[in-house]
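Participant: So the mapping is simple: this note's numbering equals the position in the sequence shown, first residue as 1, plus 6. Take this structure first; my questions come after.
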Amino acid sequence: MPKRAIITDKAAPAGGPYSHAVVAGDTIYLAGAIPALPDGTRVTGSFAEQAHAAFRNLATVAEVAGASLDDAVRVGVYLRDFADFAELNEIYAQYIKGDHLPVRTTLPVPLVGFDIEIDAVLYVG
């Protein structure tokens, strides 16, 4: 089965020459989502405001690809400040739900201009 690229104007634009997601068989790979609006305007403010915006973008792309974040098997979270880890866990639980939670990696990284980026792999088989 060939792969299919997903690009949508319902989420923040990709930050470079890549797709929002790629569907390959029963697996959907979601590119990193940042705190921005569909018009590209960055969401600034508290960590919580930025995290919610990033999760909304990720959820929107999952939906456009025909899935939901409940289908996640792997989530990657990248934080500018690892001190936001506890707050991240509270917000994460609002978007990633179900009896079979995905694996997750959370890393501190030198993000510039925003506090969080999130990517995911979904399985819809």
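No residue lacks a Cβ here, since even glycine has one placed at the ideal position from N, Cα and C.
Are three or more beta carbon pairs between the stretch 112-123 and the stretch 84-97 nearer than 8 Å?
Facilitator: With a cut-off of 8 Å, the stretch 84-97 and the stretch 112-123 count as touching, because enough Cβ pairs lie within range.
Participant: Measure from the alpha carbon of G104 to the alpha carbon of each residue in T33, G21, Q56, D77, then state which is nearest.
Facilitator: Locating residue 104 in the sequence shown gives position 98, counting from the first residue. Taking only the C-alpha atoms, the option nearest G104 is D77.
Participant: Enumerate in chain order the residues of its own chain whose CB-to-CB distance from Y24 is below 7 Å, with the five nearest sequence positions on each side excluded.
Facilitator: Along the sequence shown, one-based indexing puts residue 24 at 18. A37, listed in sequence order.
Participant: Can you name, in chain order, every residue of its own chain whose Cβ lies under 7 Å from the Cβ of A71, other than the five neighbours on each side?
Facilitator: The residue given as residue 71 occupies position 65 in the sequence shown. Correct list, in chain order: I12, A27, V29, I34.
Participant: Using a Cβ-Cβ cutoff of less than 6 Å, which residues in the same chain neighbour A59 once the five nearest sequence positions on both sides are dropped?
Facilitator: Here residue 59 refers to the residue found at position 53 of the sequence shown. Once the five neighbours on either side are set aside, the close Cβ partners of A59 are P41, V49.
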